[in-house]
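Add 200 to a position in the sequence shown, counting from 1, and you land on the number used in my numbering.
The beta-carbon is built from N, C-alpha and C at its ideal position, and this holds for glycine as well.
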Amino acid sequence: MTNKIVLITGATSGFGAAAAMKFASQHYDIIITGRRAERLQEISLKIQERYNVKVLCLNFDVRQRKAVEQAISSLPEPWKAIDLLINNAGLALGRDNFEEASIEDWETMIDTNLKGLMYVTRAVLPLMITRKKGHIINLGSTAAKEVYEKGNMYCASKSAVDALSKAMRIDLLPHRIKVTAIHPGAADTEFSMVRFKGNEALAKKVYEGYQPLVAEDVAEVIYYTASLPDHVCINDLIITSTSQANSFYTFKNS
Ligand SMILES: NC(=O)c1ccc[n+]([C@@H]2O[C@H](COP(=O)([O-])OP(=O)(O)OC[C@H]3O[C@@H](n4cnc5c(N)ncnc54)[C@H](OP(=O)(O)O)[C@@H]3O)[C@@H](O)[C@H]2O)c1
Numbered sequence: 201m202t203n204k205i206v207l208i209t210g211a212t213s214g215f216g217a218a219a220a221m222k223f224a225s226q227h228y229d230i231i232i233t234g235r236r237a238e239r240l241q242e243i244s245l246k247i248q249e250r251y252n253v254k255v256l257c258l259n260f261d262v263r264q265r266k267a268v269e270q271a272i273s274s275l276p277e278p279w280k281a282i283d284l285l286i287n288n289a290g291l292a293l294g295r296d297n298f299e300e301a302s303i304e305d306w307e308t309m310i311d312t313n314l315k316g317l318m319y320v321t322r323a324v325l326p327l328m329i330t331r332k333k334g335h336i337i338n339l340g341s342t343a344a345k346e347v348y349e350k351g352n353m354y355c356a357s358k359s360a361v362d363a364l365s366k367a368m369r370i371d372l373l374p375h376r377i378k379v380t381a382i383h384p385g386a387a388d389t390e391f392s393m394v395r396f397k398g399n400e401a402l403a404k405k406v407y408e409g410y411q412p413l414v415a416e417d418v419a420e421v422i423y424y425t426a427s428l429p430d431h432v433c434i435n436d437l438i439i440t441s442t443s444q445a446n447s448f449y450t451f452k453n454s
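See the structure below:
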C-alpha cells in the first residue's frame with residue numbers, strides 16, 4: 201500500500217464520518233470503525249464511489265477490550281502500517297445534576313470516552329512503535345477545558361482525555377509519535393440526539409439562535425493537524441463556532 205493509512209474510531213456519523221471523507225479525498229486509505237455495521241458499509245461505499253482509495257470496515261464496540269484487541273490484531277498485514285489514529289468515538293449521556301444523574305450513564309461515558317480510547321490506543325501503539333512514527337489525535341471537548349452545570353461526568357471524562365493526551369505526548373516522545381488533542385465546541389451532529397436519548401426538541405434547542413460548527417468544520421481541522429511536516433506537532437487545539445467563546449458563552453439571536 202502506498203497511501204498513508206488512518207484508523208478512525210466512531211466513523212459511522214458526525215466528525216468521524218466527515219473525517220473519513222476528508223482523508224479519503226486526500227488519498228489516505230481508511231480504516232473506519234463503529235458499532236453500526238450497516239452504516240460502516242454505507243460510508244465505505246460512498247468513499248469508494250468518490251475516491252480511488254482502499255477502505256476497511258472494523259465493527260466493534262470500543263468498550264469491549266477483547267473485541268478491540270481482536271479487531272486490531274486481525275488486520276491484514278498491509279493495513280497494520282497505521283500512520284494516524286483518530287480516537288473520536290465518544291458520547292455524552294444526559295444533562296442532570298450530580299445527585300440525580302444516572303450512574304449507568306456515567307459508567308457508559310467513562311467506558312466509552314476514556315477506557316475505549318485507552319483500549320484502542322494500546323492496541324494500535326505497538327504497530328506505530330515498531331515503525332518509529334505515528335500520530336494520535338484525541339477528540340476532547342471544550343467540556344474538558346471548563347466544567348459546566350449538569351455536565352459533570354461528560355466534563356470529567358473529557359478532562360481525562362485532555363490529561364491523558366498530555367501524558368501520552370510525554371511518554372511517546374522517544375518513539376517519535378505525535379499526540380494532538382482537539383477540543384471542539386458545540387457541533388451539529390448526532391451528539392445531542394444521543395445525549396438527550398432521542399428527544400428531538402431538546403437536541404434541536406442546543407443549536408438554535410446561532411450557527412454551530414458542522415462535522416466538516418472539525419474534519420478540516422483534524423486534517424490540518426495531520427498534514428503538517430513530521431517535525432511539527434499541534435499539541436492542543438480548541439475549535440468553536442464564531443458565536444461561541446467557551447463552554448459558558450454563546451451569543452444567540454433570541
Ligand atoms: N458534537 C459536539 O458538539 C461535540 C463537541 C465536542 C466534542 N465532541 C466529541 O467528538 C466525538 C465525536 O462526536 P460527534 O459529534 O461526531 O457525535 P456522533 O455523531 O454521535 O458520533 C459519535 C460516534 O462515536 C461512535 N461510538 C459511540 N459509542 C461507541 C462505542 N461504544 N463503540 C464504538 N463506537 C462508538 C458512534 O458510532 P456507533 O454508534 O455506530 O458505534 C459514532 O460514530 C465524541 O468523542 C464527542 O464526545 C462532540
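Do residue j and residue i have their beta-carbon atoms positioned less than 8 Å apart in this structure?
| i | j | result |
| --- | --- | --- |
| residue 339 | residue 285 | no |
| residue 209 | residue 287 | yes |
| residue 303 | residue 336 | no |
| residue 420 | residue 246 | no |
| residue 342 | residue 447 | yes |
| residue 350 | residue 297 | yes |
Below 8 Å on the Cβ atoms is my guess for residue i versus residue j; work out the distance and round it to an integer in Å.
| i | j | result |
| --- | --- | --- |
| residue 381 | residue 361 | 7 Å |
| residue 344 | residue 316 | Contact doesn't hold; Cβ gap of about 16 Å is too wide. |
| residue 415 | residue 218 | 4 Å |
Counting only the same chain and skipping the five closest in sequence on each side, list residues whose C-beta sits under 7 Å from that of residue i.
| i | result |
| --- | --- |
| residue 396 | 402, 403 |
| residue 323 | 268, 269, 272 |
| residue 225 | 251 |
| residue 220 | 208, 211, 230, 232, 243, 247 |
| residue 203 | 227, 228, 229, 253 |
What number of angstroms, rounded off, separates the C-alpha of residue i from the C-alpha of residue j?
| i | j | result |
| --- | --- | --- |
| residue 429 | residue 442 | 28 Å |
| residue 260 | residue 276 | 16 Å |
| residue 423 | residue 333 | 17 Å |
| residue 375 | residue 283 | 13 Å |
| residue 425 | residue 433 | 7 Å |
| residue 366 | residue 355 | 17 Å |
| residue 392 | residue 258 | 25 Å |
| residue 265 | residue 453 | 45 Å |
| residue 368 | residue 408 | 37 Å |
| residue 307 | residue 301 | 11 Å |
| residue 444 | residue 405 | 15 Å |
| residue 215 | residue 427 | 17 Å |
| residue 254 | residue 299 | 48 Å |
| residue 436 | residue 309 | 22 Å |
| residue 295 | residue 370 | 34 Å |
| residue 493 | residue 274 | Outside the shown range of the chain (201 to 454) lies residue 493, about which nothing can therefore be said. |
| residue 431 | residue 325 | 19 Å |
Can you find the residues in the same chain that come closer than 6 Å, C-beta to C-beta, to residue i, ignoring five residues on each side of it along the sequence?
| i | result |
| --- | --- |
| residue 311 | 263 |
| residue 292 | 354, 395 |
| residue 239 | 212 |
| residue 346 | 446, 447 |
| residue 388 | 407, 412, 414 |
Who are the near neighbours of residue i in its chain, counting only those whose CB is closer than 8 Å to its CB and skipping five residues on each side?
| i | result |
| --- | --- |
| residue 281 | 201, 205, 327, 331 |
| residue 279 | 201, 205, 229, 231, 256 |
| residue 439 | 382, 383, 384, 385, 413, 417, 418, 421 |
| residue 318 | 364 |
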